[in-house]
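I have placed the structure first, in the form of structure tokens, so that the comments after it can refer back to it.
Number of protein chains: 2
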Amino acid sequence: MPGPGPTNSLTDVPGVRVGHATRREPGWLTGTTVVVAPGAGAVAGVDVRGAAPGTRETDLLEPENLVDRVNAVVLTGGSAFGLAAADGVMQSLYADGLGWPVGAGAGEVVPIVPAAVLFDLGRGGAFDHVPTAQDGRSAYEAASAGPVPQGNVGAGTGARAGGLKGGVGSASWVLEDGATVAALVAVNSFGDAVEPGTGLLPAQRFGYPGELTTGIPNEVEVRAARERAATTYAEQPLRPGLATVIGVIATDATLTKAQCRRTSGLGHDGLARAINPVHTLLDGDTLFTLAVGDRPSPELPALHALMVAAGDCVTRAVGHAMLAAESVSNGVTDLRSYRDAFPSAFAGASA
Amino acid sequence: MPGPGPTNSLTDVPGVRVGHATRREPGWLTGTTVVVAPGAGAVAGVDVRGAAPGTRETDLLEPENLVDRVNAVVLTGGSAFGLAAADGVMQSLYADGLGWPVGAGAGEVVPIVPAAVLFDLGRGGAFDHVPTAQDGRSAYEAASAGPVPQGNVGAGTGARAGGLKGGVGSASWVLEDGATVAALVAVNSFGDAVEPGTGLLPAQRFGYPGELTTGIPNEVEVRAARERAATTYAEQPLRPGLATVIGVIATDATLTKAQCRRTSGLGHDGLARAINPVHTLLDGDTLFTLAVGDRPSPELPALHALMVAAGDCVTRAVGHAMLAAESVSNGVTDLRSYRDAFPSAFAGASA
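For the record, the sequence lines run as chains A and B.
Position 245 (the first sequence) corresponds to 245 in this note's numbering; numbering is contiguous.
Position 294 (the second sequence) corresponds to 645 in this note's numbering; numbering is contiguous.
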């Protein structure tokens, strides 16, 4: 029976590890998340749909280009400065002897580490407190195959989703043929991940029963949230680079680079269903897809089902990010979590 | 005050004309829709997001390519055979002296007519009854600046939306700065434009109050529709090219080719919110954007608002297509309209 995997997170894909480096000491509110591929790496693709992206090593993912395996993907705060975190992940992989073999010797490898950034500059207080290579190394060292820590961690530490606190979220799905697909996102969107008229998470409609919230937000909370959201944008006029949702989809099916890219495209539809608006001029929304290839290459119906499930995993991962996020009030950034803004959405919940 | 334009359709954009050629005589169920740009043409862009597209003249729309104005866009049934309809539109434009000037003489022009097709082969009974150049000429001759006929007309004549009858739909929005943006789509999707759990049109949440339906579909109708949808796909296994949503966004703002393409991208988010799944391996979903340029080039906040409204227009246009579609039962194709499948969704409506 199709349903979420054991941890309902990205690490349900065998061999995939996730690590966070979280910087929330005074003056800081940022971090880095690394997704580490098993062994010799995973086949990968990317779809960049936001108009203000910050990325590295995405050109090699074009289907016609040579390199067809990546060793890790870095998602990070710090806007384009945060790209430095990938340097640290490269160094750690190199030390472990992992990378694209370019020389005669066993250790002569170039680790392939695509990366995408989100904008959180200044949210901790200091504009220049951004992730560095050291944060990349820390995230790599923290990488684990266990359940993925979510909320205000790693790349989601300083994230904002519309007028609320954003963060990292993840979800998985096991398909009818036994293949697993999963998504991890860092939600830092210009648009809302909450329906302004109802206070519900749009993700709600795409989760299985009971996965997300259990109650209906009351009108007072809905009105208050709408007013706070309006204030957020009144105080911070439209500027490019304010936002960006970044993420990784992974599967144990065998896919080509081009199929990985198409899967990322369906993932962006999942974003569109969870967040409105998204992919705007102010977002740099970027989704990677990794295929670790433990299972055979799917025929069309199974491939279709996998891509559709990837989109739903992204939608549900956004919902999980909103549920896991925690309010932040540090004197510079004052953002409520979904849980604090809509306590009545959890009426009747056991936990 | 922002709101829909006078006709709530594509022709609210000054100078834009829409014409349909509808082929529903015995053995036929297909047609062609043409969107004619005013005067010397409109700046245009395209975003092809489905995995099984059928198009012509889309490469010239790449921002780096020379031609920056198109004279018309053809949306047509007939799968790739239907591309012939664009020949007829070219001939008609040429006869009117309209096109890209390539020679010294006034009439030495090449009309620029991008086109996209949807799959409806065999739905009228005969596989080879497809639109031809004559249908392109007929659609061009029928082009009018009046309210756009919607439903089972033009490219929407043979369209199917998941388990229901699809069709042509259109919607418009006048922005705070006075610019108009509008969309026209021919909905022929693999995925549903109806929420399987509720029978509601997802577009409902993106329309202004009272724009779409007024009631809540009852449980009996919802269950019956789900069962019919399941049968539709059981009888017709997954094959590439079964589906495709095609459309045109238009605005009177001045945009670059690249901005037109980005607007089409936000339009695809509008599709993702109205139809689930969409952009699959079985869809060839393609959206053009035309900027007729009567108004000045918008600054960032206005451009952002225009692109977001374009996405909402696409969502609402899908809703209008579903409401305007009529049931078809011709011995080969047996598809109910949304109105016939969910009469209770119209409870309390005056018309």
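Using N, Cα and C, we set each Cβ at its ideal position, and we do this for glycine too.
Could you have a look at residue i and say whether DSSP puts it in helix, strand or coil?
i: Leu175 (chain A); result: coil
i: Ser337 (chain A); result: coil
i: Asp438 (chain B); result: helix
i: Ser701 (chain B); result: For Ser701 (chain B), the pLDDT reaches just 42, beneath the cut-off of 50, and the residue's location in the model is therefore unreliable, although a value from the coordinates is still provided. Note: Ser701 (chain B) maps to coil in three-state DSSP.
i: Leu200 (chain A); result: coil
i: Leu472 (chain B); result: coil
i: Ala95 (chain A); result: helix
i: Ser40 (chain A); result: The displayed chain sequence assigns Ala, not Ser, to residue 40 (chain A). DSSP places Ala40 (chain A) in coil when its eight states are reduced to three.
i: Ala696 (chain B); result: helix
i: Thr231 (chain A); result: helix
i: Arg667 (chain B); result: helix
i: Thr7 (chain A); result: coil
i: Gly136 (chain A); result: helix
i: Ala321 (chain A); result: helix
i: Ala537 (chain B); result: strand
i: Val397 (chain B); result: strand
i: Arg420 (chain B); result: coil
i: Val220 (chain A); result: helix
i: Gly151 (chain A); result: strand
Can you tell me which residues form a DSSP beta bridge with residue i?
i: Val369 (chain B); result: B:Val386, B:Ser495
i: Arg577 (chain B); result: Beta-bridge pairing links Arg577 (chain B) to no other residue.
i: Pro101 (chain A); result: A:Val109
i: Arg160 (chain A); result: A:Lys165
i: Thr76 (chain A); result: A:Thr32, A:Val117
i: Arg407 (chain B); result: B:Ala466
i: Asp192 (chain A); result: A:Asn276
i: Arg23 (chain A); result: A:Thr30
i: Thr180 (chain A); result: A:Val174
Out of the options, which has the shortest C-alpha to C-alpha gap to residue i?
i: Leu290 (chain A); options: A:Asp283, A:Asp47, A:Ala143; result: A:Asp47
i: Pro101 (chain A); options: A:His129, A:Val67, A:Pro114; result: A:Val67
i: Val532 (chain B); options: B:Ser615, B:Ala594, B:Ala493; result: B:Ser615
i: Gln134 (chain A); options: A:Thr11, A:Gly197, A:Met90; result: A:Met90
i: Arg24 (chain A); options: A:Gly77, A:Val34, A:Met322; result: A:Gly77
i: Asp410 (chain B); options: B:Val464, B:Arg690, B:Asp691; result: B:Val464
i: Val328 (chain A); options: A:Phe127, A:Thr32, A:Ala341; result: A:Ala341
i: Leu526 (chain B); options: B:Gln555, B:Thr602, B:Gly507, B:Ala467; result: B:Thr602
i: Gly550 (chain B); options: B:Val538, B:Gly561, B:Leu606, B:Val571; result: B:Val571
i: Asp363 (chain B); options: B:Asn422, B:His630, B:Leu444, B:Pro498; result: B:Pro498
i: Leu654 (chain B); options: B:Val596, B:Ile567, B:Ala512, B:Gln610; result: B:Gln610
i: Glu492 (chain B); options: B:Ser523, B:Thr666, B:Ala423; result: B:Ala423
i: Ala696 (chain B); options: B:Asn681, B:Leu674, B:Leu686; result: B:Leu674
i: Ala466 (chain B); options: B:Val369, B:Pro357, B:Asp438; result: B:Asp438
i: Pro301 (chain A); options: A:Ala229, A:Asp177, A:Val35; result: A:Asp177
i: Ala21 (chain A); options: A:Gly247, A:Asn8, A:Gly136, A:Glu227; result: A:Gly136
i: Ala575 (chain B); options: B:Asp479, B:Tyr689, B:Ser443; result: B:Tyr689
i: Ala186 (chain A); options: A:Ala229, A:Arg336, A:Val153; result: A:Val153
i: Gly19 (chain A); options: A:Pro26, A:Gly27, A:Leu10; result: A:Leu10
i: Glu62 (chain A); options: A:Thr256, A:Ala321, A:Glu299; result: A:Thr256
i: Leu686 (chain B); options: B:Pro628, B:Gly548, B:Ala512; result: B:Ala512
Can you name, in chain order, every residue of its own chain whose Cβ lies under 7 angstroms from the Cβ of residue i, other than the five neighbours on each side?
i: Leu266 (chain A); result: Met307, Val308, Ala310, Gly311
i: Asp620 (chain B); result: Gly662
i: Gly502 (chain B); result: Gly518, Val519, Ala675, Ala676, Glu677
i: Leu449 (chain B); result: Asn422, Val460, Pro462
i: Val425 (chain B); result: Thr383, Val385, Ala436, Ala437, Val440, Val464, Ala466, Gly487
In its own chain, which residues sit with a C-beta less than 6 angstroms from the C-beta of residue i, not counting the 5 before and 5 after it?
i: Arg261 (chain A); result: Gly45, Asp47
i: Ala700 (chain B); result: Note that Ala700 (chain B) scores a pLDDT of 49, beneath 50, so its modelled location is shaky; the value from the coordinates is reported in the next line. If we look at Ala700 (chain B) and ignore the five residues flanking it on each side, its Cβ neighbours are Thr565.
i: Gly15 (chain A); result: Pro38, Val292
i: Val683 (chain B); result: Gly476
i: Ala402 (chain B); result: Leu632
i: Asp120 (chain A); result: Thr30, Gly77, Gly158
i: Arg295 (chain A); result: Ala179, Asp252, Ala253
i: Ala84 (chain A); result: Thr132, Ala133
i: Asp283 (chain A); result: Gly50, Phe190, Ala243, Thr244
i: Thr315 (chain A); result: Ala203, Phe206, Gly270, Arg273, Ala274
Verify the CB distance criterion: does residue i have a CB-CB separation below 8 angstroms to chain E?
i: Arg316 (chain A); result: No chain E is present in this structure, whose protein chains are A and B.
Just to confirm my understanding: we take residue i, look at its own chain, exclude 5 residues before and 5 after, and list those with CB closer than 8 angstroms. What are they?
i: Glu459 (chain B); result: Pro452, Val453
i: His630 (chain B); result: Arg400, Gly401, Ala402, His619, Leu622, Ala623, Asp636
i: Arg69 (chain A); result: Ala37, Ala40, Gly41, Ala42, Val43, Ala44, Trp100, Ile112
Original post:
Going along the chain, which unbroken runs of the alpha helix (DSSP H) with 4 or more residues stay wholly within the stretch 593 to 662 of chain B?
Top reply: 608 to 625
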